[in-house]
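In what follows, a structure is listed as structure tokens, so that the remarks can point back to it.
6 protein chains.
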Amino acid sequence: MANDDLWLKSLITDTPQEGRELAILMARKTIGAIQSDPEIKKELREEYARDSAQLIASAEVVALEFQTVAAANNYWKK
Amino acid sequence: MANDDLWLKSLITDTPQEGRELAILMARKTIGAIQSDPEIKKELREEYARDSAQLIASAEVVALEFQTVAAANNYWKK
Amino acid sequence: MANDDLWLKSLITDTPQEGRELAILMARKTIGAIQSDPEIKKELREEYARDSAQLIASAEVVALEFQTVAAANNYWKK
Amino acid sequence: MANDDLWLKSLITDTPQEGRELAILMARKTIGAIQSDPEIKKELREEYARDSAQLIASAEVVALEFQTVAAANNYWKK
Amino acid sequence: MANDDLWLKSLITDTPQEGRELAILMARKTIGAIQSDPEIKKELREEYARDSAQLIASAEVVALEFQTVAAANNYWKK
Amino acid sequence: MANDDLWLKSLITDTPQEGRELAILMARKTIGAIQSDPEIKKELREEYARDSAQLIASAEVVALEFQTVAAANNYWKK
Numbered sequence: 154m155a156n157d158d159l160w161l162k163s164l165i166t167d168t169p170q171e172g173r174e175l176a177i178l179m180a181r182k183t184i185g186a187i188q189s190d191p192e193i194k195k196e197l198r199e200e201y202a203r204d205s206a207q208l209i210a211s212a213e214v215v216a217l218e219f220q221t222v223a224a225a226n227n228y229w230k231k
Numbered sequence: 154m155a156n157d158d159l160w161l162k163s164l165i166t167d168t169p170q171e172g173r174e175l176a177i178l179m180a181r182k183t184i185g186a187i188q189s190d191p192e193i194k195k196e197l198r199e200e201y202a203r204d205s206a207q208l209i210a211s212a213e214v215v216a217l218e219f220q221t222v223a224a225a226n227n228y229w230k231k
Numbered sequence: 154m155a156n157d158d159l160w161l162k163s164l165i166t167d168t169p170q171e172g173r174e175l176a177i178l179m180a181r182k183t184i185g186a187i188q189s190d191p192e193i194k195k196e197l198r199e200e201y202a203r204d205s206a207q208l209i210a211s212a213e214v215v216a217l218e219f220q221t222v223a224a225a226n227n228y229w230k231k
Numbered sequence: 154m155a156n157d158d159l160w161l162k163s164l165i166t167d168t169p170q171e172g173r174e175l176a177i178l179m180a181r182k183t184i185g186a187i188q189s190d191p192e193i194k195k196e197l198r199e200e201y202a203r204d205s206a207q208l209i210a211s212a213e214v215v216a217l218e219f220q221t222v223a224a225a226n227n228y229w230k231k
Numbered sequence: 154m155a156n157d158d159l160w161l162k163s164l165i166t167d168t169p170q171e172g173r174e175l176a177i178l179m180a181r182k183t184i185g186a187i188q189s190d191p192e193i194k195k196e197l198r199e200e201y202a203r204d205s206a207q208l209i210a211s212a213e214v215v216a217l218e219f220q221t222v223a224a225a226n227n228y229w230k231k
Numbered sequence: 154m155a156n157d158d159l160w161l162k163s164l165i166t167d168t169p170q171e172g173r174e175l176a177i178l179m180a181r182k183t184i185g186a187i188q189s190d191p192e193i194k195k196e197l198r199e200e201y202a203r204d205s206a207q208l209i210a211s212a213e214v215v216a217l218e219f220q221t222v223a224a225a226n227n228y229w230k231k
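Residue numbers (the working numbering), protein chains in the order written: chain P, 154 to 231; chain X, 154 to 231; chain F, 154 to 231; chain U, 154 to 231; chain S, 154 to 231; chain C, 154 to 231.
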């Protein structure tokens, strides 16, 4: 794997909100790993962003990824 | 990210019920991160709020987010 | 939030079965938070209670909520 | 709740296999809590037992319930 | 329950790969507990093994069962 | 099981990103365990890689597998 593909160096983030952003990135990177064609990805994105059922399913993936990120950060408790 | 977008400062809430509200907010913010057009979001919301299958799917997302919030708060045990 | 909306004071229950009832309540309250119109809710309820796929999806939400309630109660172990 | 409805006295079982049976019971009891009409339940059961997608969704619910039961029993480790 | 139905004696396996096999077995046994007719099961299997959406849903069930098996084995860490 | 099928020797990886790759492999291996015909698998793959709903469902499976891998690696914390 080339260096420019190294996108997940750590699960640790400074804040919960950065943890949310990481969770969204993780979900998107999985899609990109399965469907790497940028044109198809763009089409699909336009499709699912207007489909409420698919938006809810996407939110479920983010919730699952965030469970992992939050646990890794001990829920950002001091 | 602009300051007015900082919506998740902490996973800690005073009560379980506030934890539920945070879980619902987390689910909604994910939708907003994927589909940011307010008009489209409003249309989609009207659609899924009348579709029982999508309501159940939404409840699943909230349940997952709440698992994280509840663990972060040690289930609000003293 | 008005006091009569305070429905989740604690995740602690005396027994596993009361924990199940709380999990079902949690799932229902999420639906009510998204779709608050009592007429629409009633219609939707009649619909999904006769649709086996939606019943199974509802059972999944309850299973997830119960995971949280059970952990909060340390699985009701003495 | 009448005594004859008290079906979940404990999450503790003697063996993993009894834990599986409890997980299946938990899933079924949730369905029964939402749809209590025995005639409708029987019809729905015949329907979903012949629908592979619904069987898989049912298996997901059982897997989630079993996660809880297994944790409660510390995975039946001595 | 007859002895020849005793299929889950333990969640402990020697290796992660045997844990995967157990997770797949657990998913299959749940299907068999709901739909026990061998002819119908065979038909359904042929159906879902050619349906990518159902294959993905099956993989989700296996992932959930494996979470339990992996935790039971402390992730096979020495 | 023949040795050339031994694909999951350990859940431990050096980095979070290798953990992601393992999670994707785990999801794919489950599909292969259910549908082993390479021709059918290829057809199904082309199908679901162009279907946004199925891509999202695939991402959910990966998220679940990654939860297990991340926990096994103690979230790659030193």
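Glycine residues also receive a C-beta, built at the ideal position from the N, C-alpha and C atoms.
7 Å Cβ shell around residue i - same chain, five flanking residues per side excluded
i	result
residue 174 of chain U	none
residue 176 of chain U	215, 218, 219, 222
residue 171 of chain F	none
Residue i versus residue j: straight-line alpha-carbon distance, rounded
i	j	result
residue 225 of chain P	residue 191 of chain C	37 Å
residue 180 of chain P	residue 178 of chain X	19 Å
residue 214 of chain X	residue 212 of chain P	7 Å
residue 223 of chain C	residue 193 of chain F	42 Å
residue 158 of chain F	residue 184 of chain F	14 Å
residue 186 of chain C	residue 164 of chain X	39 Å
residue 197 of chain C	residue 167 of chain X	48 Å
residue 227 of chain X	residue 200 of chain P	39 Å
residue 189 of chain F	residue 162 of chain C	51 Å
residue 210 of chain U	residue 231 of chain U	32 Å
residue 204 of chain X	residue 205 of chain P	10 Å
residue 154 of chain C	residue 195 of chain P	With a pLDDT of 44 at residue 154 of chain C, under the threshold of 50, the predicted position of this residue should be treated as unreliable, and no value is reported.
Proximal residues to residue i (C-beta, below 8 Å), its chain only, five neighbours per side dropped
i	result
residue 160 of chain C	178, 182
residue 202 of chain C	208
Cβ-based neighbour list, residue i, same chain, cut-off 6 Å, excluding 5 preceding and 5 following
i	result
residue 229 of chain F	169
8 Å Cβ cut-off: residues of chain A touching residue i
i	result
residue 208 of chain U	Structure shown: chain A not included; protein chains present are P, X, F, U, S and C.
Inside the stretch 163–188 of chain X only - alpha helix (DSSP H) runs reaching at least 4 residues: 169–187
With 7 Å as the C-beta to C-beta threshold (strictly closer), list the residues of the stretch 180–205 of chain C near chain S in chain order. 180, 183, 184, 186, 187, 188, 193, 197, 200, 201
Tell me which residues of the stretch 159–172 of chain S have at least one Cβ-Cβ distance to chain C shorter than 7 Å, keeping chain order. 169, 170
Check each residue of the stretch 211–225 of chain X: if its Cβ is closer than 8 Å to any Cβ of chain P, include it; give the result in chain order. 211, 213, 214, 217, 218, 220, 221, 224, 225
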